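Asker: In my numbering, the protein residues as written are 18 to 452.
All C-beta atoms in this analysis are idealised placements derived from N, C-alpha and C, irrespective of residue type, glycine included.
Please read these numbers as outputs of a predicted model, since none were measured by experiment.
Quick one: the structure is below, and I'll ask about it shortly.
Next up, the structure:
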């Protein structure tokens, strides 16, 4: 991709009215026009969109008994996006050519209605019950060939059940059951080009709504210390299991998308922080997961092998690393010098970029450093806050991203994009003086 520009504007109004001390109604409306120009796949693309939406929410709090309190939330939201897309030829300089190759409109409406009931039982137990209905509708039009016009809807009722038990004011355990529905993004609804399917309908007929159900258990704990060296230690631990139906997968370098049968995602997320003297803070996080195709057969006709198919059940989900981790250490330099220094490291595990699990991206880790003002420096009646960050401190070469199920040219997968080298970030902000 090369060349292009973007223009964004946003305006919104939110209102909240208290009916009684514990009952309120709130609403929000917004408008967000967008203009985007970019070149991709030898085509100059001109997007003009407008995004409108809003919500209305009612909240009520009340006591059922002396030991049981409740909160009820009922609401609805709606978002609408529409606009035109013009595809032109691309000049050698990467600018818009004179040949108009496509002229289409893409609209989408997302409507949701939800309700949530919370109960607080005594000092320790909390129970949350809820449900949400979503309908996401696409409406695509071709101004060159109206026979391509098409519309599709994706909908689901998603439940939510949560239980939280407080062992103490600083230690709790929780368990959640939730569901969700996700519709493909705009570019993911483009039809497949195999056998000219992109001239049959404006919306990919191979897509279905992505539905998921997640089970999660975890604990949160803050432990204060009485010593002078460290003042507190906190940690979060969560285990999750997610079943996904119709996992979305890109094909032929992202030219079109397909939904796999079933995917299972399992993992653990751990976070910890240690606070000490002189504003010392140590942080760490770790995410380990196993993401596996459970039911997935692909028709190889889309790769020019008519009559063939491949069964990828048991393979790792393409494009998803099984390991993420991060460490950081920061502290104020001294009371006389109002600066804070932070050193960090982040890493990503290896992963496959194709469903057959034959093309692998190696693991990598990078280091960074940030020097910032602690709380702002008063200068001339204003407060100055600034920071200087250096990402990829060692200027390490690594693969930052990769195309899933990439094109293969002369037997070599065209998949990889390099990660950013050593990068400097500098920011200054001015505000009212510190008191």
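#1: Taking C-beta to C-beta, are residue 343 and residue 357 nearer than 9 Å?
#2: Per DSSP, what kind of secondary structure is residue 81 in: helix, strand or coil?
#3: Take residue 434 as the anchor and find which of 417, 446, 421 and 450 has the nearest alpha-carbon.
#4: Please classify residue 151 as buried or exposed, where buried requires at least 16 other C-beta atoms within 10 Å of its C-beta.
#5: State the DSSP-derived secondary structure class of residue 410, mapped to helix, strand or coil.
#6: Rank 400, 337, 341 and 124 by C-alpha distance to the C-alpha of residue 369 and give the top, closest one.
#7: Would you check if there are 3 or more beta carbon pairs closer than 8 Å linking the segment 442–450 to the segment 399–414?
#8: I'd like to know whether the C-beta atoms of residue 90 and residue 76 end up nearer to each other than 9 Å.
#9: In the DSSP assignment, find the beta strand (DSSP E) that holds residue 286 and state where it starts and stops.
#10: In chain order, what residues of the same chain have a beta carbon less than 6 Å from the beta carbon of residue 266, not counting five sequence neighbours either side?
#11: What would DSSP say about residue 163, mapped onto helix, strand or coil?
#12: Tell me whether residue 258 sits in a helix, a strand or coil according to DSSP, three-state version.
#13: Taking the Cβ atom as the reference point for each residue, do residue 96 and residue 127 lie within a distance shorter than 9 Å?
#14: Which of the three DSSP states, helix, strand or coil, is assigned to residue 328?
#15: Determine which residues share a DSSP beta bridge with residue 369 and list them.
#16: Mapping DSSP to helix, strand and coil, what is residue 242?
#17: Do the segment 130–143 and the segment 98–108 meet, that is, are 3 or more Cβ pairs less than 8 Å apart?
#18: How is residue 230 classed by DSSP in three states: helix, strand or coil?
#19: Tell me whether the beta-carbon of residue 306 lies closer than 9 Å to the beta-carbon of residue 285.
#20: Give me the Cα-Cα distance between residue 18 and residue 387, rounded to the nearest whole angstrom.
#21: With a cut-off of 8 Å on the beta carbons, I'd call residue 64 and residue 52 a contact; round off their distance for me.
#22: Given residue 195, which residues of its chain have a CB within under 6 Å of its CB, disregarding the five upstream and five downstream residues?
#23: Is the shortest distance between the beta-carbon of residue 45 and the beta-carbons of chain D less than 9 Å?
#24: Please name the residue in 180, 171, 192 and 339 whose C-alpha comes closest to that of residue 198.
#25: If you draw a straight line from the C-alpha of residue 112 to the C-alpha of residue 311, how long is it?
#26: According to the neighbour-count rule (16 or more other Cβ atoms, all chains shown, within 10 Å of its Cβ), is residue 123 buried or exposed?
#27: If I measure Cβ to Cβ from residue 145 and keep anything under 6 Å in the same chain, skipping five residues before and after, which residues do I get?
#28: Taking 6 Å as the limit between beta carbons, can you name the residues of its chain near residue 78, skipping five residues before and five after?
#29: Leaving out five residues on either side along the sequence, give the residues of the same chain with a beta carbon under 8 Å from the beta carbon of residue 437.
#30: Classify residue 414 as buried or exposed, calling it buried when 16 or more other Cβ atoms lie within 10 Å of its own Cβ.
#31: Spell out the partners DSSP gives residue 111 in its beta bridges.
#32: In the DSSP assignment, the beta strand (DSSP E) including residue 312 goes from what residue to what residue?
#33: Which residue's Cα is closest to the Cα of residue 360: 389, 140 and 380?
#34: Beta carbon of residue 73, beta carbon of residue 106: below 9 Å?
Answerer: Looking at the coordinates:
#1: Residue 343 sits at position 326 when you count from the first residue of the chain shown. Residue 357 sits at position 340 when you count from the first residue of the chain shown. Not a contact, by the Cβ cut-off of 9 Å.
#2: Taking the first residue of the chain shown as position 1, residue 81 is located at position 64. The answer is coil: DSSP assigns residue 81 none of H, G, I, E or B.
#3: Counted from its first residue, the chain shown places residue 434 at position 417. Nearest C-alpha to residue 434: 417.
#4: Locating residue 151 in the chain shown gives position 134, counting from the first residue. So residue 151 ends up on the buried side.
#5: Position 393 of the chain shown, counted from the first residue, corresponds to residue 410. It is coil, neither helix nor strand.
#6: For the purposes of this step, residue 369 is taken as residue 352 along the chain shown, with counting starting at 1. Closest by alpha carbon: 337.
#7: yes
#8: Taking the first residue of the chain shown as 1, we reach residue 90 at position 73. Taking the first residue of the chain shown as 1, we reach residue 76 at position 59. Yes, these two residues count as a Cβ contact at 9 Å.
#9: Counted from its first residue, the chain shown places residue 286 at position 269. It spans 279–293 - the beta strand (DSSP E) in which residue 286 sits, taken as one unbroken run.
#10: As a position in the chain shown, residue 266 is number 249, starting the count at 1. Closer than 6 Å at the Cβ level, and outside the excluded window around residue 266, lie 275 and 277.
#11: Within the chain shown, the letter at position 146 stands for residue 163. In this structure, residue 163 counts as helix in the three-state DSSP scheme.
#12: For the purposes of this step, residue 258 is taken as the residue at position 241 of the chain shown. Here residue 258 sits in strand by DSSP.
#13: In the chain shown, the residue the question calls residue 96 occupies position 79. In the chain shown, the residue the question calls residue 127 occupies position 110. A contact, by the Cβ cut-off of 9 Å.
#14: Reading the chain shown from its first residue, position 311 is the one you call residue 328. It is a strand residue.
#15: Working through the chain shown from its first residue, we reach residue 369 at position 352. In the DSSP output, where bridge partners are listed per residue, residue 369 has 377.
#16: On the chain shown, position 225 is the one that residue 242 refers to. Here residue 242 sits in coil by DSSP.
#17: no
#18: Residue numbering aside, residue 230 sits at position 213 when the chain shown is read from its first letter. Reduced to three states, the DSSP call for residue 230 is strand.
#19: For this step, residue 306 is matched to residue 289 along the chain shown. For this step, residue 285 is matched to residue 268 along the chain shown. In this structure, residue 285 lies closer than 9 Å to residue 306 by Cβ.
#20: Residue 18 sits at position 1 when you count from the first residue of the chain shown. Residue 387 sits at position 370 when you count from the first residue of the chain shown. For residue 18, the pLDDT reaches just 42, beneath the cut-off of 50, and the residue's location in the model is therefore unreliable, although a value from the coordinates is still provided. Cα to Cα, the separation comes out at about 31 Å.
#21: Translated into positions along the chain shown, residue 64 becomes position 47. Translated into positions along the chain shown, residue 52 becomes position 35. With 8 Å as the limit, residue 64 and residue 52 qualify as a contact, their Cβ atoms being about 7 Å apart.
#22: Taking the first residue of the chain shown as position 1, residue 195 is located at position 178. Excluding positions up to five away in sequence, the list reads 177 and 231.
#23: Going by chain labels, chain D is absent from the structure shown, which holds only one protein chain.
#24: As a working mapping, residue 198 is identified with position 181 in the chain shown. Of the candidates 180, 171, 192 and 339, the one whose C-alpha sits nearest the C-alpha of residue 198 is 171.
#25: On the chain shown, residue 112 is found 95 positions in, with the first residue counted as 1. On the chain shown, residue 311 is found 294 positions in, with the first residue counted as 1. Residue 112 and residue 311: Cα-Cα distance of roughly 45 Å.
#26: Within the chain shown, residue 123 is the residue found at index 106, counting from 1. Residue 123 is buried by the Cβ-count criterion.
#27: If you number the chain shown from 1, residue 145 lands on position 128. So the qualifying residues of the chain are 135 and 179.
#28: Counting from 1 along the chain shown, the entry for residue 78 is found at position 61. If we look at residue 78 and ignore the five residues flanking it on each side, its Cβ neighbours are 39 and 88.
#29: Locating residue 437 in the chain shown gives position 420, counting from the first residue. Same-chain partners within the cutoff: 408, 409 and 417.
#30: Residue mapping note: residue 414 aligns to position 397 of the chain shown, counting from 1. The residue in question, residue 414, is exposed, as its Cβ has fewer than 16 Cβ neighbours within 10 Å.
#31: Residue 111 sits at position 94 when you count from the first residue of the chain shown. In the DSSP output, where bridge partners are listed per residue, residue 111 has none listed.
#32: One-based indexing of the chain shown puts residue 312 at position 295. From DSSP, the beta strand (DSSP E) with residue 312 extends over 298–312.
#33: Taking the chain shown and counting its residues from 1, the one referred to as residue 360 is at position 343. Nearest option by C-alpha distance: 389.
#34: As a position in the chain shown, residue 73 is number 56, starting the count at 1. As a position in the chain shown, residue 106 is number 89, starting the count at 1. No, they are not a contact pair.
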